[in-house]
Amino acid sequence: MRFRAFALLAFAAAAAALVQAGPARAEAYPSRPVTLVVPQAVGGTNDIVGRFVGQKLGEVMNNASVVVDNRPGAGGNIGTQLVAKGPKDGYTLLMTISSSQAINPALYKNPGFDPVKDFKPVGLIGAVPNVLLVNPTFPAKNFAEFLKLARQKGANYQYASAGNGTLNHLLGEMLNSMAGISLQHVPYKGVAPALNDVLGGQLPIVFASLPSALSHIKAGKLRALAVSGDKRSAVLPDVPTIAEEVPGYNGTLWIGLFAPAGVPADVLATLQDATRKALASKDLRDKLDQQGVEIAAPTTPDQFSKLLQDDLAKWARIVKASGAAVD
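Counting in my numbering, the final residue of the sequence shown is number 431, and the numbers go up one at a time with none missing.
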């Protein structure tokens, strides 16, 4: 009995000491490696950008370890689902592109995620313009001539894409609708075979991201007629935008960083601040510029959310008009 009474007293004293001491101090974020899930394959533009940004984020956050985890598949849906359904602690983030986050919800019957409800914006990284390219034997030497040819009665030009419902497919559909032309879509299984057939002259026209096409343009193997963004590219300053001839056209691919919804507010704020600091660094900006990535102007999370919602509405209209769908 005496031992039992002593044990009870000791337990009570220990409990009182814990109450007085208060809750244990939480570890400062990040206290372990942070994973950037890239829902595209190794070597693509988003993968390259993700590695550059991840390295700089780690430096900004007291030399934290930031690793890239490529989870491609289903047009980006697999990696996106992984983050949406994963832990909400800020250690698993999504580095993605607008084609996955803004087009897939309209393209797939069930993409497995809600781009608005399942995520919180961390930061808009930048934009990658696509380029309207033709084989050098194509009769149009510039975009104005291209439109004139495509608008002629009986014109039946084909354009290649990376597949049904991909961004470069939908860019062609948007051009058809807004410019009053009728380019015929020919889907391929990826942008590489599409580019190869245009390089070889099997098809005359293709849309491709600037980083993937730049070496062919510089070598004279492809002719760049126009870029899809709302301003000319610093890498191709003499190439006009499509909007210069087709007002209102804008088909820029953006790259952004997201956290899963439910991440603690202080962790989200830390990530947003670190991303702003990373994007302000000259070395990161130089690396992205060399890839043809246009660094985003300083953007608030609310502005990034508005961009996403506007793009969701825009691409839903374009997907519906094109008839594209993926089961």
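Even for Gly, the Cβ is constructed at its ideal location relative to N, Cα and C.
Note that the coordinates shown come from a computational prediction; the quantities given were computed from them, not determined experimentally.
### Message
Which same chain residues end up closer than 6 Å to P402 when comparing Cβ atoms and leaving out the 5 residues on each side of it in sequence?
### Response
Translated into positions along the sequence shown, residue 402 becomes position 298. Counting only Cβ-Cβ distances below 6 Å, and skipping sequence neighbours, we find nothing.
### Query
So the alpha helix (DSSP H) I152 belongs to, where does it begin and stop?
Against the sequence shown, residue 152 aligns to sequence position 48. First-last of the alpha helix (DSSP H) with I152: 149-164.
### Query
So what's S265 in DSSP terms, helix, strand or just coil?
Locating residue 265 in the sequence shown gives position 161, counting from the first residue. Correct three-state label for S265: strand.
### Query
Looking at C-alpha atoms only, which residue of P364, L279, V138 is the closest neighbour of I346?
Numbered from its first residue, the sequence shown carries residue 346 at position 242. Sorting P364, L279, V138 by C-alpha distance to the C-alpha of I346 places L279 at the top.
### Task
Provide the residue(s) that pair with K293 in DSSP beta bridges, ordered along the chain.
Residue 293 sits at position 189 when you count from the first residue of the sequence shown. K293 is not bridged to any residue.
### Member of T374, G190, N181, V138 whose CA lies at the smallest distance from the CA of V170
Taking the sequence shown and counting its residues from 1, the one referred to as residue 170 is at position 66. Checked all of T374, G190, N181, V138; the closest Cα to V170 is V138.
### Query
Does the distance from the CB of L211 to the CB of G294 come in under 8 Å?
For this step, residue 211 is matched to residue 107 along the sequence shown. For this step, residue 294 is matched to residue 190 along the sequence shown. Not closer than 8 Å, so no.
### Task
For A429, count neighbouring C-beta atoms within 10 Å of its own C-beta (all shown protein chains included) and say buried if the count is 16 or more, exposed if not.
On the sequence shown, residue 429 is found 325 positions in, with the first residue counted as 1. By the 10 Å Cβ count, A429 comes out exposed.
#### Entry: Enclosing beta strand (DSSP E) for N449 [first to last residue]
Because the chain here runs from 105 to 431, residue 449 falls outside it and cannot be looked at.
### alpha helix (DSSP H) runs wholly inside the region 171-228, at least 4 long, in chain order
Counting only runs of 4 or more, we get 181-188, 208-211.
### Task
Return the bridge partner residues of V141 from the DSSP annotation.
To locate residue 141, count along the sequence shown from 1; it is residue 37. Its beta-bridge partners are D173, L198.
### Query
In three-state DSSP terms, what is Q288?
Counted from its first residue, the sequence shown places residue 288 at position 184. Under the three-state reduction of DSSP output, Q288 falls in the strand class.
### Query
Out of V153, L161, S337, which has the shortest C-alpha to C-alpha gap to Y133?
Numbered from its first residue, the sequence shown carries residue 133 at position 29. Residue L161 is the option with its Cα nearest to Y133.
### Task
Kindly identify the DSSP beta-bridge partner or partners of N234.
Working through the sequence shown from its first residue, we reach residue 234 at position 130. When beta bridges are read from the DSSP output, N234 appears opposite S313.
### Task
Would you give the residue range spanned by the beta strand (DSSP E) that V331 belongs to?
Here residue 331 refers to the residue found at position 227 when the sequence shown is read from its first residue. Looking at the DSSP string, the run of the beta strand (DSSP E) that includes V331 is 327-331.
### Euclidean distance between Cα positions of A417 and A373
As a first step, residue 417 must be located in the sequence shown, where it is residue number 313. As a first step, residue 373 must be located in the sequence shown, where it is residue number 269. In a straight line, the C-alpha of A417 is about 28 Å away from that of A373.
### Message
Under DSSP, the alpha helix (DSSP H) around T379 begins and ends at which residues?
### Response
The residue given as residue 379 occupies position 275 in the sequence shown. Counting along the chain, the alpha helix (DSSP H) containing T379 begins and ends at 369-383.
### Message
Considering Cα atoms alone, identify which of L314, L388, A178 is closest to A338.
### Response
Looking up residue 338 in the sequence shown gives position 234. The closest CA to that of A338, considering only L314, L388, A178, is found on L314.
### Query
What's the call for N234, buried or exposed, on a 16-neighbour Cβ count within 10 Å?
By 1-based counting over the sequence shown, the position of residue 234 is 130. Looking at its Cβ environment, which holds 16 or more other Cβ atoms inside 10 Å, N234 is buried.
### Query
Which residues in the same chain as M282 place their Cβ atom closer than 7 Å to its Cβ, once the five residues preceding and following it in sequence are excluded?
Position 178 of the sequence shown, counting from 1, holds the residue named residue 282. Excluding residues within five positions, the ones whose Cβ falls inside 7 Å are V350, G352, Y353.
### Message
Are the CB atoms of T184 and G360 within a distance shorter than 8 Å?
### Response
Position 256 of the sequence shown, counting from 1, holds the residue named residue 360. Position 80 of the sequence shown, counting from 1, holds the residue named residue 184. No, the Cβ-Cβ distance between G360 and T184 is not below 8 Å.
### Query
Do A363 and K213 have their C-beta atoms closer together than 8 Å?
As a position in the sequence shown, residue 363 is number 259, starting the count at 1. As a position in the sequence shown, residue 213 is number 109, starting the count at 1. Their beta carbons are not under 8 Å apart, which means A363 does not touch K213 by this criterion.
### Task
Can you grab the Cα-Cα spacing for the pair L307 / Q288, in whole Å?
Indexing the sequence shown from 1 puts residue 307 at position 203. Indexing the sequence shown from 1 puts residue 288 at position 184. Each residue's alpha carbon lies about 11 Å from the other.
### Outcome for S286 when other beta-carbon atoms lying within 10 angstroms are tallied against a minimum of 16
Looking up residue 286 in the sequence shown gives position 182. S286 comes out exposed.
### Query
Can you name the residues that DSSP bridges to E398?
Mapped onto the sequence shown, residue 398 falls at position 294. The secondary-structure analysis by DSSP pairs E398 across a beta bridge with A231.
### Query
Can you name the residues that DSSP bridges to G304?
For this step, residue 304 is matched to residue 200 along the sequence shown. According to DSSP, G304 bridges with nothing at all.
#### Entry: Among V164, A231, N239, nearest to Q395 - alpha-carbon criterion
Along the sequence shown, read from residue 1 onward, the residue named residue 395 stands at position 291. Checked all of V164, A231, N239; the closest Cα to Q395 is A231.
### Message
I'd like the span of the alpha helix (DSSP H) that includes N167, first residue to last.
### Response
Working through the sequence shown from its first residue, we reach residue 167 at position 63. Counting along the chain, N167 falls outside any alpha helix (DSSP H), and DSSP gives it neither H nor E.
### Query
Taking just the CA atoms, how far does L299 sit from N272?
For the purposes of this step, residue 272 is taken as residue 168 along the sequence shown, with counting starting at 1. For the purposes of this step, residue 299 is taken as residue 195 along the sequence shown, with counting starting at 1. If you take the alpha carbons of N272 and L299, they lie about 11 Å apart.
### Task
Tell me whether P341 is buried or exposed, calling it buried when 16 or more other Cβ atoms sit within 10 Å of its Cβ.
Position 237 of the sequence shown, counted from the first residue, corresponds to residue 341. P341 comes out exposed.
### Query
Thinking C-alpha only, which one of P176, G227, N246 is nearest P478?
In this structure the chain extends from 105 to 431, so residue 478 is not present and cannot be described.
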